[in-house]
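Protein chains in written order, with this note's numbering: chain A, 322 to 708; chain B, 322 to 708. Written below as structure tokens is the structure these notes are about.
Listed below in structure tokens is the structure:
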């Protein structure tokens, strides 16, 4: 077997660019350098203690067998209750599909819907796996250039103008990675009405749900009954390494996702599912809301620090834990800038290149997934080395 | 969104047929009936205590973050050592890709290799997900009818005769589900030489490796440097619900699998990986070898019992934990027979329908994943009700 044995899709799927930079950062750390990590899309907090305790209790008996492909009924019901308690939305637990992380959820959603040669609109910049999963199932991802003027989110007008005969679907994310911006509910509603009228698919990525700073905690469930909604235990719930997420699928479509899940996964991790049952308890929620406050403070520290450096973040992030900074005025392309910041200031960041093809040299993503003191230090290091 | 929004592949992918029967079995249990479960491809043993302890130790610190997409280096090295210690094969740990179960491994292997409209040979009967994953990536699974005359395994001659211009690859399994038969090493070697000469792909499923009763413990690694090898912590290692498996990929191809793994999964479960580090310790190995002895005894009890009933198992299973019984002489199609055994004897089994399209009404799969006493009782119940 050599490269000629690979399917053509393999050539078109690109690795996460930041991995190269991360490898270099690890090398530097191994050589004794102190690196401030602002490149990683992963909360730095440990798993909340009640979740760890639930997992420990469960595995201590050793009965770690397969669950149904759709996940534990009790967990699907707990998620439905969460939507009801927090968002005042009634959702039938039968519409909830537990998955191996949000990655598994996106994989199922694209496998179920992407037709060969069907075109899908994906906002650029956006999470890179969306376009690669469309390609994996032989669809054609079409970058929908979005910029700071519309909060890096597509507008209903842009989508209507971009939709044509071959267009099959659209993936949006709110809050968005890499920009942290959100889709206005009325815009999402209009987009959903449009894609439904066109008989197209709409996938809404809500994996940063719960991590919004202000009053905008929201779910597409409230307006988008025909959409497939992707969610995750990784970000707000702080369970990255457990690999657990979920889909909410339109009423009446669960069986299709169930059979795909059987063959793709058999079932999601049983350990993670029993752990996640503790994610909705008052004790865990109190911990998560406290962390959200900490993220909010870090965000202020980072945004103020960047402002003090004269680095512009054109759209104030409303959610997630990223700032998408415009580094063009500094005179270096963002990849060169990321290398410079790493080598000279010991600050790891992610260049825009990972998030699309539209003007990727202009922006740098900084994640506030490290503590306030380290963020402040990163700003001072950049000040010292860059200017 | 309605059924017209699904991709055409969804129509062609069938659910596990046994699920319907399992649902009925659960109903009967809820109504107070005692059901003997011989339908499930899952060992009944708890996770070995040293694995549970390793997991508990790891999660107690709460630092359950993402690992690299290829998995923990320490686990990849542990697997390489296992191949060396047990099979006397040197394998570069860089060729090992840790995955979300063997399902995740098969998903990566098919995503990497299956070309649209490429034809793949899959032995029939065989594990149903193989053909559905080929279909998922727009390839065309071609059933390769195998029967008791060749131990339900394809011969090099059959493959040569079936391979033509559009053929792109072949998936074989040894030991096989549903038959428990193995590919003779010399046949596998000849098959590998043939597919390599043709520039085709060969995927070898070894997820039941370690569970062979006799002297035939073997790995395709010893003869098939161009094959993609699929393995699992679920069966021999007894870790089903943890969802962990691995691939061994040909030298020089790891990067392609890595980028697919990044987008499909981000990474496998961190908890499962730290747990699995304890799977290769002498303490765990002693437990697993003891369980293998128990499986071997159960196998004898089941095979002797079926013989006493006059039910023929045409090929003595060498591995896994299944017997594939020929029920045609009993005068009922295997689906009707499975329903009859469930309703009248309270014994759940899996009809051949799940494993292919070739003569599926003839065979019934019985799993010896329940203890010897229950197997003996199942035989007596069948004797009482069936004859």
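The beta carbon of each residue, even a glycine, is placed where N, CA and C say it ideally should be.
Which first and last residues belong to the alpha helix (DSSP H) in which residue i is found?
| i | result |
| --- | --- |
| residue 551 of chain A | Not the alpha helix (DSSP H): residue 551 of chain A falls in the beta strand (DSSP E), residues 549-553. |
| residue 408 of chain A | 394-408 |
| residue 333 of chain A | 329-333 |
| residue 596 of chain B | 591-597 |
| residue 370 of chain B | 370-381 |
| residue 351 of chain A | 339-351 |
| residue 577 of chain A | 575-586 |
| residue 390 of chain A | Careful: residue 390 of chain A lies outside any alpha helix (DSSP H) and carries neither H nor E. |
Taking residue i as part of the beta strand (DSSP E), name the residues at either end of that continuous run.
| i | result |
| --- | --- |
| residue 420 of chain A | 417-420 |
| residue 694 of chain B | Segment 693-707 is the alpha helix (DSSP H) holding residue 694 of chain B; no beta strand (DSSP E) there. |
| residue 522 of chain A | 522-526 |
| residue 686 of chain A | 684-688 |
| residue 440 of chain A | 440-445 |
| residue 568 of chain B | 566-569 |
Would you say residue i lies against chain A (beta-carbon separation less than 8 Å)?
| i | result |
| --- | --- |
| residue 585 of chain B | yes |
| residue 660 of chain B | no |
| residue 681 of chain B | no |
| residue 556 of chain B | no |
| residue 459 of chain B | yes |
| residue 567 of chain B | no |
| residue 542 of chain B | no |
Does residue i get closer than 8 Å to chain B when you measure Cβ to Cβ?
| i | result |
| --- | --- |
| residue 399 of chain A | no |
| residue 381 of chain A | yes |
| residue 592 of chain A | yes |
| residue 613 of chain A | no |
| residue 533 of chain A | no |
| residue 337 of chain A | yes |
| residue 387 of chain A | yes |
| residue 607 of chain A | no |
| residue 432 of chain A | yes |
| residue 522 of chain A | yes |
| residue 447 of chain A | no |
| residue 519 of chain A | no |
| residue 485 of chain A | no |
| residue 513 of chain A | no |
| residue 705 of chain A | no |
| residue 269 of chain A | Nothing about residue 269 of chain A can be read from this structure; chain A reaches only from 322 to 708. |
Roughly how far, in whole angstroms, is the beta-carbon of residue i from the beta-carbon of residue j, given that I think they are within contact range, below 8 Å?
| i | j | result |
| --- | --- | --- |
| residue 522 of chain A | residue 434 of chain A | 5 Å |
| residue 624 of chain B | residue 637 of chain B | 7 Å |
| residue 640 of chain A | residue 533 of chain A | 4 Å |
| residue 544 of chain A | residue 509 of chain A | 6 Å |
| residue 598 of chain B | residue 375 of chain B | 6 Å |
| residue 685 of chain B | residue 646 of chain B | 5 Å |
| residue 428 of chain B | residue 585 of chain A | 6 Å |
| residue 600 of chain B | residue 388 of chain B | Not a contact, Cβ separation roughly 16 Å. |
| residue 408 of chain A | residue 542 of chain A | 7 Å |
| residue 612 of chain A | residue 559 of chain A | 7 Å |
| residue 339 of chain A | residue 675 of chain A | 6 Å |
| residue 330 of chain B | residue 456 of chain B | 6 Å |
| residue 385 of chain A | residue 484 of chain B | About 41 Å separates the two Cβ atoms, so there is no contact after all. |
| residue 595 of chain A | residue 500 of chain A | Incorrect: roughly 35 Å between the Cβ atoms, too far for contact. |
Hey, is residue i close to the ligand NAD, as in C-beta under 7 Å from one of its heavy atoms?
| i | result |
| --- | --- |
| residue 449 of chain A | As for the ligand NAD, it is missing from this structure, which has no ligand bound. |
For a contact defined as C-beta to C-beta under 8 Å, what are the partners of residue i on chain E?
| i | result |
| --- | --- |
| residue 577 of chain A | Protein chains in the displayed structure are A and B, and chain E is not among them. |
Note to self: Report the start-end ranges of each beta strand (DSSP E) in the region 447-511 of chain B that is 3 residues or longer and not cut off at the edges.
What the structure shows: 461-466 and 488-494
Check: Within the chosen definition, does the region 492-509 of chain B reach the region 443-451 of chain B through at least 3 CB pairs nearer than 8 Å?
Finding: yes
Checklist line | Segment contact flag, the region 359-370 of chain B with the region 603-610 of chain B, C-beta cutoff 8 Å, min 3 pairs | finding: yes
Notebook entry, point to check: Would you call the region 614-631 of chain A and the region 687-705 of chain A in contact, with 3 or more CB pairs under 8 Å?
Noted result: yes
Next item on the list: State whether the region 461-473 of chain A contacts the region 417-426 of chain A, with contact taken as three or more CB pairs (one from each stretch) at a distance under 8 Å.
Entry: no
Next item on the list: List in chain order: all unbroken beta strand (DSSP E) runs of 3+ residues lying wholly within the region 591-671 of chain A.
Entry: 643-647
Notebook entry, point to check: Is it a yes or a no for the region 473-482 of chain A touching the region 656-669 of chain A, going by three-plus beta-carbon pairs under 8 Å?
Noted result: no
Check: Does the region 346-363 of chain B touch the region 571-578 of chain B, meaning 3 or more C-beta pairs lie closer than 8 Å?
Finding: no
Next item on the list: Check whether the region 435-442 of chain A touches the region 454-461 of chain A, taking contact to mean three or more Cβ pairs, one atom from each stretch, closer than 8 Å.
Entry: yes
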